[in-house]
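K.L.:
Mind looking over this structure? Questions follow.
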Amino acid sequence: MNIRNVLGLPEVLDVKKVIAIQPHPDDNEVNIAGTLMELHNRGCEIVYVTVTDGRAGGWGTVQDPNQIVRVREQEKINAGKMIGVDKHIDLGFPDGGNYDIETLTKRLVEIYRQEKPDLVFTVDPWMPYEAHPDHVKVGRAASSALLFSNNPILYPIETHDVFQVPQIAFYATSYPNTWIDITANFERKMESIVAHKSQFDNETWSFVRLYFAEAASEAYLRISTETKGFAETLKVLAHMELHSVPTTLFS
Ligand SMILES: [Zn+2]
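The working numbering numbers the first residue of the sequence shown as 5 and each following residue consecutively.
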């Protein structure tokens, strides 16, 4: 049984407003730039939430974390223009720092109630070998916020009414159930990744690009074995699959 079908939820590319929550300033481009570009082409409103300030993304001889934050913020804006991002919300938590999931969850509940998206994108915190604490904490907080954003007891109404976000789409997932054809957007996706010059415009880019291309063409095989192309992978779930539904792993 597909709960999303039973609930009559729209396909990912048919939604009208999304929030894409990224732990660091480049995660959205690396994982879902192609999907977001297609959504923008279809008139979907795109809000970015960047949770940490990226200060741990040092490179070369640049050692000043505050300078790294400034550079990465501008790179995020540049990449967002290539995507068609309508709005940026920066939460400014310290990259790799000692913040807790509950604090972040409360903040995201407020944002869900304020923005009222049809769908939230974020990292999959249950990817088995994910070792980065920011990715685990952000994915968990985004999920808990989705579960409770319509609960006025746990999260009392302050400035906005309660709101239920219908769906969540995890990227960087080991359990995909959705494959998005991004063939038409693949080259522009690569450009949006390199817009994060401090992270990718270096001697390893040719190797990293090759990896992205291989992974995307392998994913495309789930769409077609007759033609060649590129795809992004997602685990898309209804909000009710985020609590006490053991089959969520297989849905
Ligand atoms: Zn990241």
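C-beta atoms are modelled at their ideal positions from N, C-alpha and C, and glycine is treated no differently. Everything numeric in this text was worked out from a predicted model, so none of it was measured.
(1) Is the Cβ-Cβ distance between V80 and P121 less than 9 angstroms?
(2) Going by the DSSP bridge assignment, what does V53 pair with across the sheet?
(3) So the candidates are V10, M131, A220, I157; which of them puts its Cα closest to the Cα of Y179?
(4) Any heavy atom of ligand 1 closer than 8 angstroms to the CB of H247?
(5) Can you tell me which of the three DSSP states K239 falls into?
(6) Mind checking P129: buried by the 16 CB within 10 Å criterion, or exposed?
(7) How close, in whole Å, do the beta carbons of D185 and R117 come, if the pair is a contact with beta carbons under 8 angstroms?
(8) Under the assumption that H139 contacts V127 (Cβ atoms under 8 angstroms), give the Cβ distance between them as a whole number of angstroms.
(9) Going by Cα to Cα distance, which pick from P27, L158, A149, A37 is closest to A188?
(10) Measure the alpha-carbon distance for F234 versus L225 and round it to whole angstroms.
(11) Compute the minimum distance between the beta carbon of H28 and the heavy atoms of ligand 1, and state whether it is under 8 angstroms.
(12) Quick one: Cα of P160 to Cα of L246, how far?
(13) Less than 9 angstroms between the C-beta atoms of S202 and G61, yes or no?
(14) Look at the Cβ atom of G88, then the Cβ atom of L40, and state whether they are nearer than 9 angstroms.
(15) Once you ignore the five residues that flank L47 on each side, which residues in its own chain have a CB closer than 8 angstroms to its CB?
(16) Answer yes or no: do I115 and I23 have a C-beta to C-beta separation smaller than 9 angstroms?
(17) For I184, which three-state DSSP category applies?
(18) So, does the region 96 to 113 touch the region 207 to 222, judging by three or more C-beta pairs under 8 angstroms?
(19) At a cut-off of 8 angstroms, is H139 close to ligand 1 when judged by its beta-carbon and the heavy atoms of the ligand?
(20) Between D128 and ligand 1, is the CB less than 8 angstroms from at least one heavy atom?
P.N.:
The structure says:
(1) Reading off the sequence, residue 80 comes out as Lys, not Val. Contact: no.
(2) I25, I93
(3) Residue nearest to Y179 within the set V10, M131, A220, I157 is M131 (criterion: CA-CA distance).
(4) no
(5) strand
(6) buried
(7) Not quite, the Cβ-Cβ distance comes to about 33 angstroms (not below 8 angstroms), so this is no contact.
(8) 5 angstroms
(9) A37
(10) Straight-line Cα distance between these residues: approximately 9 angstroms.
(11) yes
(12) 21 angstroms
(13) yes
(14) yes
(15) Position check: residue 47 holds Gly in this sequence, whereas Leu was assumed. So the qualifying residues of the chain are K20.
(16) yes
(17) strand
(18) no
(19) Yes.
(20) no
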